[in-house]
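**Q**
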Amino acid sequence: MPTPTPVPTDTERREPAPADRAPTDRAPPDTVPADAVLPDPAPRDDERFDVIVIGGGPAGLTAATYLARFHRRCVVLDAGDSRARWIPESHNCPGFPSGVAGTALLDRMRAQAAQFGARLANATVTSIEPDGDGFLVGSDDAQWRAGKVMLACGTADVLPDVPWIEDAVQCGAVRICAVCDAFEATDGRLGVYGPADSVIGHARFLRSYSRDVSVLPIGALAAADRDAATEAGIACLAPDGTLAFDGRRCRYEVGGEAFEFDTVYPYLGFRTCKDLIRAAGVRCDDAGEIVVDRHQMTSVPGLYAIGDMVSGLNQIAAAVGHAAVAATHAHNTLPPAPR
Ligand SMILES: Cc1cc2nc3c(=O)[nH]c(=O)nc-3n(C[C@H](O)[C@H](O)[C@H](O)COP(=O)(O)OP(=O)(O)OC[C@H]3O[C@@H](n4cnc5c(N)ncnc54)[C@H](O)[C@@H]3O)c2cc1C
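All you need for my numbering is the position in the sequence shown, starting with 1, plus 66.
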């Protein structure tokens, strides 16, 4: 056992030399150190990471921060299309009472992970295979090895196929997630656009924010759904109209009439990275959801899934919670790495 070093007396205490400084001193808070970003493409066949994180949204970046702070070698492979980049301004993200834009939040989270030593690479992962006691993860032009892997690939919203959608989301004429931001739409004229068999449930949720809620159905509503809507104080417009946007608000045009809304919520479903999930061989339930245990581990030992891709509640707070749990379990079950 090494002999303990004596604690310095007050007079011996000194300012730490730059190399001894806490990692947080290395760069301003929103800056990713240049050496954290792997070359693009980044085939580093010689390097074995403790953990590979697939996806650089709030879930993946939080996992990377935890792992780096456990002194684990970790890389985030990210295709660069986080749902969070669509957020004009979030007001329910803990710690930002004045709100935070999704892009700013992602910049800060990337910088936070990188400053503690996580590596970042632009890459779209296409394969995950067993490799000895770990995994071999591949993109079209590179491969990485690691003891454990975290899937943090999120989901992608299916949005109305119109050229103005991004502008409409940025100004709040279209909102995508009522849990996230219906508070900001309180007492407005709200439209809920989506398939007739699912749109009423979403409209009912929005009634606690406004008395002026209409459904804009795709396909004809069933009589029972129409009755349920009427009972809940929800207006039902004729089906299969067209959405238009004037730069500030959306209109629903149907049967020669136009109805204007302060906010339209489209509910058209979402896409998951199911090819990768299938390739990784993880078990899904009958509804197609990835099955995870209380540590966020999938049916494949050492392969975790976190964030929107496993959550019924697609929220930043849920994503970062999964990440903290999974990263801590991964650290505790990797071979110890004493200093
Ligand atoms: C308009 C809008 C507003 C929102 N507002 C809020 C809000 O106010 N509060 C809130 O809590 N939540 C909000 N959300 C939801 C929030 O954005 C998500 O819950 C959060 O981004 C989920 O984080 P994640 O890391 O699981 O997934 P994501 O943020 O989607 O990140 C997944 C990442 O994985 C990458 N990826 C996918 N496949 C691969 C692959 N094969 N290889 C490599 N990388 C891959 C993607 O490109 C992406 O960068 C909002 C969402 C939208 C769309």
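Glycine included, each C-beta is placed from N, C-alpha and C at the ideal position.
Note that the structure is a prediction, hence the values are computed from the model and not measured.
1) Consult DSSP for valine 116 and reduce its assignment to one of helix, strand or coil.
2) If you run the structure through DSSP and keep just helix, strand and coil, what is tyrosine 132?
3) For cysteine 140, count neighbouring Cβ atoms within 10 angstroms of its own Cβ and tell me buried if that reaches 16, exposed if not.
4) Do you know offhand how far glutamate 323's Cα is from glycine 257's?
5) Does at least one heavy atom of ligand 1 sit under 7 Å from the Cβ of cysteine 219?
6) For a test of your reading of the model: does the CB of asparagine 398 fall under 7 Å from any non-hydrogen atom of ligand 1? Yes or no.
7) What does the Cβ neighbour count give for alanine 289, buried or exposed, with the cut at 16 atoms within 10 Å?
8) Are phenylalanine 311 and alanine 234 closer than 8 Å when you measure CB to CB?
9) For alanine 384, which residues in the same chain have their Cβ closer than 7 Å to its Cβ, ignoring the five residues on either side in sequence?
10) Any idea what DSSP makes of alanine 189, helix, strand or coil?
11) Tell me whether arginine 405 is buried or exposed, calling it buried when 16 or more other Cβ atoms sit within 10 Å of its Cβ.
12) Flag leucine 104 as yes when its Cβ comes closer than 7 Å to any non-hydrogen atom of ligand 1, and as no otherwise.
13) The alpha helix (DSSP H) spanning threonine 97 covers which residue range?
14) Could you tell me the boundaries of the beta strand (DSSP E) in which alanine 336 lies?
15) Using only the heavy atoms of ligand 1, determine whether one of them is closer than 7 Å to the beta carbon of methionine 375.
16) May I ask whether a heavy atom of ligand 1 can be found less than 7 Å away from the beta carbon of proline 305?
17) For a test of the three-state rule: what should DSSP assign to aspartate 144, helix, strand or coil?
18) Which residues share a DSSP beta bridge with aspartate 223?
19) Pull up the DSSP beta-bridge partners for glutamate 319, would you.
20) Check this for me: beta carbons of leucine 133 and histidine 397, under 8 Å apart or not?
21) Find out if the Cβ-Cβ distance for the pair valine 142, valine 119 is shorter than 8 Å.
22) For ligand 1, is there any heavy atom lying closer than 7 Å to the beta carbon of proline 124?
23) Who does tyrosine 370 pair with in a DSSP beta bridge?
24) Does the Cβ-Cβ distance between glycine 122 and leucine 186 come in under 8 Å?
25) If we ignore side chains and look at the alpha-carbon of each, how far apart do threonine 296 and aspartate 206 end up?
26) Please classify arginine 337: is it buried, with 16 or more other beta-carbons within 10 angstroms of its beta-carbon, or exposed?
27) May I ask whether a heavy atom of ligand 1 can be found less than 7 Å away from the beta carbon of valine 258?
28) Using the C-alpha atoms, what's the distance from aspartate 306 back to alanine 346?
29) From arginine 241 to glycine 126, what does the alpha carbon distance come to, in whole angstroms?
30) Within 7 Å: the Cβ of glycine 121 and any heavy atom of ligand 1?
31) Does at least one heavy atom of ligand 1 sit under 7 Å from the Cβ of tryptophan 152?
32) So the alpha helix (DSSP H) glycine 204 belongs to, where does it begin and stop?
33) DSSP three-state label for arginine 314, please.
**A** In brief:
1) Position 50 of the sequence shown, counted from the start, is the residue given in the question as residue 116. The amino acid occupying residue 116 in the given sequence is aspartate; valine does not appear at that position. Aspartate 116: strand per DSSP, three-state reduction.
2) What you label residue 132 is simply residue 66 of the sequence shown in a count that begins at 1. Looking at tyrosine 132 - three-state DSSP - the assignment turns out to be helix.
3) For this step, residue 140 is matched to residue 74 along the sequence shown. Per the 10 Å Cβ criterion, buried.
4) By one-based count along the sequence shown, residue 323 stands at place 257. By one-based count along the sequence shown, residue 257 stands at place 191. The straight-line gap from Cα to Cα measures roughly 15 Å.
5) For the purposes of this step, residue 219 is taken as the residue at position 153 of the sequence shown. Yes, the beta carbon of cysteine 219 sits closer than 7 Å to at least one heavy atom of ligand 1.
6) For the purposes of this step, residue 398 is taken as residue 332 along the sequence shown, with counting starting at 1. Outside the cutoff, so no.
7) Looking up residue 289 in the sequence shown gives position 223. So alanine 289 ends up on the exposed side.
8) Here residue 311 refers to the residue found at position 245 of the sequence shown. Here residue 234 refers to the residue found at position 168 of the sequence shown. Cβ distance < 8 Å, so phenylalanine 311 and alanine 234 count as in contact.
9) For the purposes of this step, residue 384 is taken as residue 318 along the sequence shown, with counting starting at 1. Closer than 7 Å at Cβ, skipping near neighbours: Ser377.
10) Taking the first residue of the sequence shown as 1, we reach residue 189 at position 123. Residue state, collapsed to three classes: coil.
11) Position 339 of the sequence shown, counting from 1, holds the residue named residue 405. Arginine 405 comes out exposed.
12) The count along the sequence shown starts at 1 and reaches residue 104 at position 38. False, no ligand heavy atom lies under 7 Å from that Cβ.
13) Translated into positions along the sequence shown, residue 97 becomes position 31. Neither: threonine 97 is in no alpha helix (DSSP H) and is coded neither H nor E.
14) Position 270 of the sequence shown holds residue 336. Checking the sequence shown, residue 336 turns out to be phenylalanine, not alanine. Per DSSP, phenylalanine 336 belongs to the beta strand (DSSP E) from 336-338.
15) Along the sequence shown, read from residue 1 onward, the residue named residue 375 stands at position 309. For ligand 1, at least one heavy atom lies less than 7 Å from the Cβ of methionine 375.
16) For this step, residue 305 is matched to residue 239 along the sequence shown. No, ligand 1 has no heavy atom inside 7 Å of this Cβ.
17) As a working note, residue 144 is residue 78 in the sequence shown. Note: aspartate 144 maps to strand in three-state DSSP.
18) For this step, residue 223 is matched to residue 157 along the sequence shown. Per DSSP, Phe336.
19) Taking the first residue of the sequence shown as 1, we reach residue 319 at position 253. DSSP lists Thr308, Ala324 as partners of glutamate 319.
20) By 1-based counting over the sequence shown, the position of residue 133 is 67. By 1-based counting over the sequence shown, the position of residue 397 is 331. It is a contact, given that the beta carbons lie within the stated cut-off.
21) Position 76 of the sequence shown, counting from 1, holds the residue named residue 142. Position 53 of the sequence shown, counting from 1, holds the residue named residue 119. With respect to the 8 Å criterion, valine 142 and valine 119 are classified as neighbours on the basis of their beta carbons.
22) Along the sequence shown, one-based indexing puts residue 124 at 58. Yes, Cβ of proline 124 sits closer than 7 Å to a heavy atom of ligand 1.
23) Locating residue 370 in the sequence shown gives position 304, counting from the first residue. DSSP lists Met216, Met363 as partners of tyrosine 370.
24) Along the sequence shown, read from residue 1 onward, the residue named residue 122 stands at position 56. Along the sequence shown, read from residue 1 onward, the residue named residue 186 stands at position 120. Closer than 8 Å, so yes.
25) Residue mapping note: residue 296 aligns to position 230 of the sequence shown, counting from 1. Residue mapping note: residue 206 aligns to position 140 of the sequence shown, counting from 1. Going by the C-alpha atoms only, they are around 53 Å apart.
26) Sequence index remark: in the sequence shown, residue 337 carries index 271 (1-based). Exposed.
27) Here residue 258 refers to the residue found at position 192 of the sequence shown. No - ligand 1 has no heavy atom lying nearer than 7 Å to the Cβ of valine 258.
28) Position 280 of the sequence shown, counted from the start, is the residue given in the question as residue 346. Position 240 of the sequence shown, counted from the start, is the residue given in the question as residue 306. In a straight line, the C-alpha of alanine 346 is about 39 Å away from that of aspartate 306.
29) Sequence index remark: in the sequence shown, residue 241 carries index 175 (1-based). Sequence index remark: in the sequence shown, residue 126 carries index 60 (1-based). Rounded to whole angstroms, arginine 241 to glycine 126 spans 24 Å at the Cα level.
30) Mapped onto the sequence shown, residue 121 falls at position 55. True, at least one ligand heavy atom lies under 7 Å from that Cβ.
31) Here residue 152 is taken as the residue at index 86 of the sequence shown, counted from 1. Distances from the CB of tryptophan 152 to the heavy atoms of ligand 1 include at least one below 7 Å.
32) As a first step, residue 204 must be located in the sequence shown, where it is residue number 138. No alpha helix (DSSP H) contains glycine 204, which is instead part of the beta strand (DSSP E) from 200-204.
33) Residue mapping note: residue 314 aligns to position 248 of the sequence shown, counting from 1. DSSP places arginine 314 in coil when its eight states are reduced to three.
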